[in-house]
Structures are given as C-alpha cells and as structure tokens.
Amino acid sequence: MHANHDLVTGYLKSKLHFRGFVISDWLGVDRITSPPGANYTYSVQAGINAGIDMVMVPYNYTDYINDLTSLVHKGVINISRIDDAVKRILRVKFTMGLFENPLADLSFAEQLGKKEHRELAREAVRKSLVLLKNGNSPDQQFLPLPKRARSILVAGSHASNLGYQCGGWSIQWMGDSGNITTGTTILDAIKSTVADSTSVVYSENPDDSFMKHNDFSFAIVVVGEPPYAETVGDSTDLTMLDPGPDTIRTVCAAVKCAVVIISGRPIVIEPYVPLVEALVAAWLPGTEGQGVADVLFGDYGFTGKLPHTWFKSVDQLPMNVGDLQYDPLYPFGFGLMINSSLPGFSGVDNLGYRKQRVLFAVLCSLLSLVLIS
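Per my numbering: the sequence shown = residues 1 to 373.
Structural data, given as structure tokens:
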C-alpha cells in the first residue's frame, strides 16, 4: 500500500479530492522491500512518489533525511511532490489552529477518567457481553447468579488482571499484564456486587486437591487470550492461554460454573461447552470490569449479539455467512437473553439456542433467494 501510486494518489487524492495528508504506518516505508529495509533508498523513493506525505521514522531518521534529500537533488523525486506534501501538512495544521494555539489545554487532563466517563465505559461493557450458553433449557437457566451465597470461587488467569482485560494497545503497544492503569478487575467487581455475607474466594488455577477440600456454592472462571497487537496476535490454532483449559476442566468438574471468555476474537471453546453451565463472551472489557458483574448477577440483561461467526474448530476457517458448509458453533448474530420470569430480573424472554439457529437459517435462506432473484 505504501508504494501504491494508483490508490494513494490516483484514487484518494485525485478521484476523491482528498485534501488532507497521508501518513505512513510505523516503519511502513521500510517494509516496501522484502526483507524490510533491504533497499532503504528505493523504499523512500517508492513511498514518497506514491503519495505518502508524512513518514513515521522512529529510529533511522538520519538515513531517511539523507536519502530523501539526495533523491530530490538527483531529480528522482520531483520538488513539486515535496511541495505538495508540505502544503497538505501545513493546510491541516492551519485548519486546526496549531500555529495560534500550539499547545494542548492541560486543564482537560483533569477530565480524564472522570465518573461520567467510567459509567459510560461500564455501560458499553454491559451491552457488549454475549451470552453463549445458559443452562440446558430456558426453564433451567444458570444465570443470573445469586448475590447471596455461602461461598463463591473465582478462578482463572484473567479474573484479577486489568492488563488482560484491556488487551493490546493499552498503555504499551503489546499491552501488559497486571495493574497497568486505574480500573476495576472482574474479581473486584464480583466482590463489590455480592452480599456482604457472601464469601468470595480467589484461586487463579486451583488443583483437584483444592477443589476437593472446599465446598463452593458455584464458581466463576475467567480465562482467555493474553494481550497482543498486530502480527504478534497471528495464530494458527486460536486457543486460549494456558492454563485456562485445565482451569475450566478442574473447576467445572467439581462445581457448577459460569465461564467468562476474555478475547479479542472467537477462539476454540467447543471442547469446554459441555463442561459449563453458562458461557459468556466478554471480549476485551477494558478498565470497567464492573460491567461484567452487572450482567452476571442480573442487575442488567444480556443484549449483545455476535459480530463474528464463532467456529467450532480452525479447520472450518475461513467461515462466512452464506457458505454452503456454514455449520458454526454459534452463528453470526447469535446471543441469548435471560428469561424475564426469573426473580429479581427484568429482561426479555430467551429464544434459546436451537430456536435462534433455526430463525437464523431461515433468514439466511430468504436472503439467498433475494440475492439469486
């Protein structure tokens, strides 16, 4: 893309009359050649002539300046291309008023993380959760969980890890583990939600002996993926972080449990579905873990629907709605809701998994007929 003159200049700037400036990706120009940086001078030439106006050069900026200057002096890059880039950059800066007010208003820093912001983020978490399984039938649902219980076990690598909740591009490029910023972990959210008389015990990865010698009313297991960004997140197996699978097997074999999946995408979960009473896709909820507890314990209902098809195994990928062999674990748009007749909850009736799949198949068939017509 960085060297594609037809798209950057021909289509974006000429056909669409884009008046802003085009900035490269981080080290994007370096990657014009393979391996990256193999012919840096050519990369600079190809990128600038394609229409890149501003180049992100985090490290070898001296080489970039020297190569660009040399290419202009030799006529390989026309000075009019440089003039165009400078004009576009200055136009945006003048429009933004940066020359009149070059510095940000630091008083706005006090607004960051204010109560209203966190409440909005918490609401976003509640509305994004997708309920994938809830008991064996609408009449035998596991959620919502009772706030009053003798003892609750919370387990899993992601239950008390704010960095894992936030994912990649949080504070750092790849994200991180632990208390990377201000926020509420899912564990702390559970503790603040249940009744004072309810004991909450946390064990990240309990073994069989621990489960045998403790008697819990139910368990909440929070597992998923580690933080990642860009190509570092590429995976050929899309499995959850160890020891997540063992935690699910150990805990859910000993006590009824709800499993919360923290991930930036669908991952392999089919082997664990029969082991659990309830299964929730929480994606990357960020700092406001209280939004997860809000829904688990019935203060709010599940309203989220899958924005992706959830596959059974990676062998099925790629999988898209309308494929002849469309047989997912959960179809695109799937998402259960809790039965409104449950005590202390004002939700809407749960269609159930089978009914949702039948309805979804009918809609897909109708759409196919329309497209064929």
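Just so it is clear, CB atoms sit at the ideal spot from N, CA and C, and this is done for glycine as well.
Only a predicted model underlies this, so the values are computations on that prediction, with no experimental measurement involved.
- Bridge partners of Phe218 according to DSSP: Ile152.
- Straight-line measurement puts the Cα of Tyr202 at about 17 angstroms from the Cα of Gln165.
- Asn339 and Glu119 have their C-alpha atoms spaced approximately 26 angstroms apart.
- Considered as a whole, the region 210-257 harbours 244-254 as its complete alpha helix (DSSP H) runs of no fewer than 4 residues, in chain order.
- For Val130 and Ser209, the gap between their C-alpha atoms comes out near 33 angstroms.
- By the neighbour-count definition (other C-beta atoms within 10 Å, threshold 16), Met96 is an exposed residue.
- Taking C-beta atoms as the reference points, Ile190 and Val221 fail to come closer than 8 angstroms.
- Tyr330 has Trp310 as its beta-bridge partners, per DSSP.
- Taking C-beta separations shorter than 8 angstroms and ignoring five residues to either side along the sequence, the partners of Ile79 in its chain run Val72, following chain order.
- When the beta-carbon positions are compared, Phe297 and Val255 stay at least 8 angstroms from each other.
- About 7 angstroms separates the beta carbon of Leu162 from that of Thr287, a gap short enough to meet the 8 angstroms contact definition.
- Listed in chain order, the non-local C-beta contacts of Pro328 below 7 angstroms within the same chain comprise Thr309, Trp310, Phe311, Lys312 and Met319, local neighbours out to five positions each way being set aside.
- For the options Asn60, Gly183, Pro274 and Lys74, the alpha carbon positioned closest to that of Gln45 is the one of Lys74.
- Per DSSP, the beta-bridge partners of Ser199 are Ser151.
- When the beta-carbon positions are compared, Ile52 and Val8 come within less than 8 angstroms of each other.
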